[in-house]
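Quick notes on the structure that follows.
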Amino acid sequence: MVSPPPGAAAAAAPARLCVGPGPRPLMGSQGHPGPPGNCGPGEGEGGEARKLQEGRVARGKRRKGKGKGKAGAGQGGRGSGAEGNPGPQKAKEAAGLGAEAGASAGPGEEGEGCGSVEERERRIVRGDAGSAGAGKEARGRGDGKKEEWRVRPGRREDARPGRAQGRGGQAWGCIAGAGAAGEAMAAATEEEAAAREPDGRPAAGPALLRLPEELLLLICSYLDMRALGRLAQVCRWLRRFTSCDLLWRRIARASLNSGFTRLGTDLMANVPVKERVKVSQNWRLGRCREGILLKWRCSQMPWMQLEGDSLYISQANFILAYQFRPDGASLNRRPLGVFAGHDEDVCHFVLANSHIISAGGDGKIGVHKIHSTFTVKYSAHEQEVNCVDCRGGIIVSGSRDRTAKVWPLASGRLGQCLHTIQTEDRVWSIAISPLLSGQLMMHLGSDFPPGAGVLDVMYESPSTLLSCGYDTYVRYWDLRASVRKCVMEWEEPHDSTLYCLQTDGNHLLATGSSYYGVVRLWDRRQRACLHAFPLTSTPLSSPVYCLRFTTKHLYAALSYNLHVLDFQNP
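Add 203 to the 1-based position in the sequence shown for the numbering used here, that's all there is to it.
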């Protein structure tokens with residue numbers, strides 16, 4: 204057995220990308236395709252083959268200092284030249300590997316078992332005169348430990364050479380992926396690798412990626428929104444890691460209308476916090492798209508409530524229930540239900556315990572079950588009922604007749620007045636304290652001018668509440684601090700009456716004005732108005748009678764239309 208020259212082994216290089224023609228068939232000594240040999244380079248059965256190989260070794264030693272690796276170790280799968288019988292097709296493909304690797308070096312490295320001795324010698328000389336890179340690539344393919352990428356027109360293969368045993372050395376018998384089975388196996392391997400890649404950390408990268416997740420969470424918790432967004436652009440793993448709700452919760456609590464209350468309660472746990480923070484920036488910057496959900500033929504004084512994916516709105520003496528479409532910015536035109544019972548317009552209504560409690564201009568209170576046709580109405584006041592509230596099985600109503608009354612919600616006691624509170628003026632708004640004390644606790648404020656009626660009031664907590672009205676102010680009251688003076692107030696810039704208000708329980712405050720349907724957004728940490736949205740023009744000037752909002756949309760009810768401001772898709 205003759206080993207290749209020492210210089211050839213030292214000059215062997217890793218497998219590289221190679222592009223070449225298809226394999227050529229091996230020729231026997233008679234010009235016919237010959238069988239592939241299972242031995243090392245040039246190890247035939249006749250004496251001519253041995254002389255030929257000795258000559259190659261001698262020439263390789265003489266040129267050791269000039270060009271290493273030019274001799275090129277013989278490729279596996281070469282015919283011995285002694286037999287002229289046709290070999291199998293796989294042997295031809297294996298033999299063609301040498302032709303692909305050393306195409307530029309001439310036919311000297313294609314096969315040694317074809318033609319006469321003189322022809323083989325001439326081919327060897329031409330092969331030795333080829334480029335050193337071809338010899339190195341051919342040698343590199345004999346490594347067997349590295350993957351080889353074969354590029355052909357129209358496809359890319361991840362070819363891992365198989366190993367064939369021989370007496371004199373190693374011969375590459377076939378290339379995985381050359382056939383249909385190999386291609387399928389390579390494709391499956393690539394798909395599995397691609398599927399596994401997003402689930403784990405990157406194998407290489409900065410030391411930051413190798414830290415424990417608990418420590419990395421602690422470090423990232425000090426980053427602001429912009430820094431977290433940039434970190435998410437580094438790689439897929441960091442993009443998923445920075446989407447963790449724990450990292451965005453602190454930022455969300457400081458944002459507008461992100462679904463967190465002042466006490467940290469998450470009102471929308473089913474929505475990722477990062478997505479809510481993104482939409483919150485549109486609220487802060489005033490970016491939205493305006494649309495109209497409903498229109499009426501005549502002027503109305505509508506009131507509305509939201510519950511889940513449904514909207515309840517009063518029109519004349521009816522209350523209609525609509526279902527939102529998935530985008531939240533449009534309604535199904537056909538109402539889910541219609542609740543009637545009043546002889547005049549519905550002034551106000553609330554949703555409580557699967558019931559709708561309505562107050563009408565006919566002086567009556569109506570109780571409707573949402574999921575049935577059960578409806579009860581009873582006379583409550585001598586004049587129109589302006590407002591109503593319900594909590595804990597108790598109904599409280601306020602009227603133009605200067606009284607407020609307490610009623611039970613129990614079906615067997617409907618219409619029985621439990622208590623009457625006499626007031627000094629007409630009652631325009633009413634709210635039940637979460638403490639459910641059942642008695643008059645205090646009077647708020649002492650320096651209101653005459654006629655400064657409160658048109659809307661709402662509790663944020665048992666000790667804090669908000670109010671607005673004719674005097675153009677929004678006031679924030681803290682019962683623990685003082686009942687005579689509010690702790691903070693915001694003035695409407697255009698001295699317009701404020702008909703309604705709504706808060707997210709944290710930093711955002713929205714109000715509806717009496718002129719031009721102006722909706723204003725306020726950041727309660729600032730004195731000035733944040734943004735104003737006029738929803739009507741001069742000929743159709745209308746107050747905003749009621750407004751409600753979610754983390755993505757704001758709905759405002761005016762005299763002729765129901766408007767929507769879409770902050771999710773501005």
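We put the beta carbon where it would ideally sit given N, CA and C, even for glycine.
As the structure is a computational prediction, the values presented were derived from the model and not from experiment.
- Query: From T753 to C732, what distance separates their C-alpha atoms?
  - Reply: 20 Å
- Task: Could you have a look at L466 and say whether DSSP puts it in helix, strand or coil?
- Result: coil
- Determine the DSSP secondary structure at E585, reduced to helix, strand or coil. coil
- Query: Does DSSP put D726 in a helix, a strand or coil?
  - Reply: strand
- Which partner residues of S513 appear in the DSSP bridge assignment? E510, Q526
- Task: Scan the region 412-485 and note each continuous alpha helix (DSSP H) run of 4 residues or more that stays entirely inside, going in chain order.
- Result: 416-423, 428-434, 439-444, 448-456
- Message: Less than 8 Å between the C-beta atoms of V747 and A759, yes or no?
- Response: yes
- CA-CA distance, Y718 and S699? 7 Å
- Starting from T767 and walking both ways along the beta strand (DSSP E), at which residues does that stretch end? Residue identity check: residue 767 is Val in the sequence provided, not Thr. 764-769 is the extent of the beta strand (DSSP E) around V767.
- Message: Can you confirm whether D650, when its beta carbon is compared against all beta carbons of chain C, has any partner nearer than 8 Å?
- Response: Among the protein chains of the structure shown there is no chain C, as only one such chain exists.
- Query: Going by other Cβ atoms of all chains shown within 10 Å of its Cβ, with 16 needed for buried, is R723 buried or exposed?
  - Reply: buried
- Message: For R453, tell me which candidate among C438, L441, F444, D469 has the shortest Cα-Cα distance.
- Response: D469
- Message: Please report the distance separating the alpha-carbon of L509 from that of A713.
- Response: 16 Å
- Item | Rounded Cβ spacing between S762 and Q503 (contact assumed at less than 8 Å) | 6 Å
- Query: With DSSP run on the structure shown, which of helix, strand or coil describes L497?
  - Reply: strand
- DSSP three-state call for Q625: helix, strand or coil? strand
- With distances taken between CB atoms, is the gap from C550 to N589 smaller than 8 Å? yes
- Query: Whole beta strand (DSSP E) runs in the region 538-604 with 3 or more residues, listed along the chain?
  - Reply: 540-542, 549-555, 558-563, 567-572, 578-582, 588-594, 597-602
- Query: Is it buried or exposed for Q518, if we count other Cβ within 10 angstroms and need 16 for buried?
  - Reply: buried
- Message: Could you check whether A532 and H756 sit closer than 8 Å to each other, using their CB atoms as the reference points?
- Response: yes
- Between the beta-carbon of L412 and the beta-carbon of R404, is there less than 8 Å? yes
- Message: Tell me which residues share the same chain as R730 and place their Cβ nearer than 8 Å to its Cβ, disregarding the 5 neighbours each side in the sequence.
- Response: W693
- Query: For T464 versus G708, is the C-beta spacing smaller than 8 Å?
  - Reply: yes
- Inter-residue Cα distance where the pair is R537 and K498: 14 Å
- CB of L701 within 8 Å of CB of T667, strictly: no
- Among K572, W680, F770, Q586, which has the Cα closest to the Cα of S557? K572
- Item | Straight-line gap, L434 to L426 (C-alpha atoms, nearest Å) | 10 Å
- Are W680 and V657 touching if we call contact CB-CB under 8 Å? no
- Selected residue, minimal CA-CA separation from C671, among M691, G595, P409, N772: M691
- Message: For V690, report the span of its beta strand (DSSP E) as first-last.
- Response: From DSSP, V690 is part of no beta strand (DSSP E); its letter is neither H nor E.
- Item | Same chain, Cβ closer than 6 Å to N535, neighbours up to 5 away in sequence not counted | Q526
- Does the ligand SAH have a heavy atom nearer than 7 Å to the CB of K477? Because no ligand of any kind appears in the structure shown, any question about the ligand SAH cannot be addressed here.
- Item | When I559, C447, R490, V570 are compared against E478, the one with the closest alpha-carbon | C447
- Query: Do the CB positions of L638 and R594 come within less than 8 Å of each other?
  - Reply: no
- Query: Can you pull the DSSP bridge partners for M661?
  - Reply: L669
- Message: Considering only DSSP beta bridges, list what L254 is partnered with.
- Response: Looking at the sequence provided, one finds Lys at residue 254 rather than Leu. K254 pairs with nothing; no bridge assigned.
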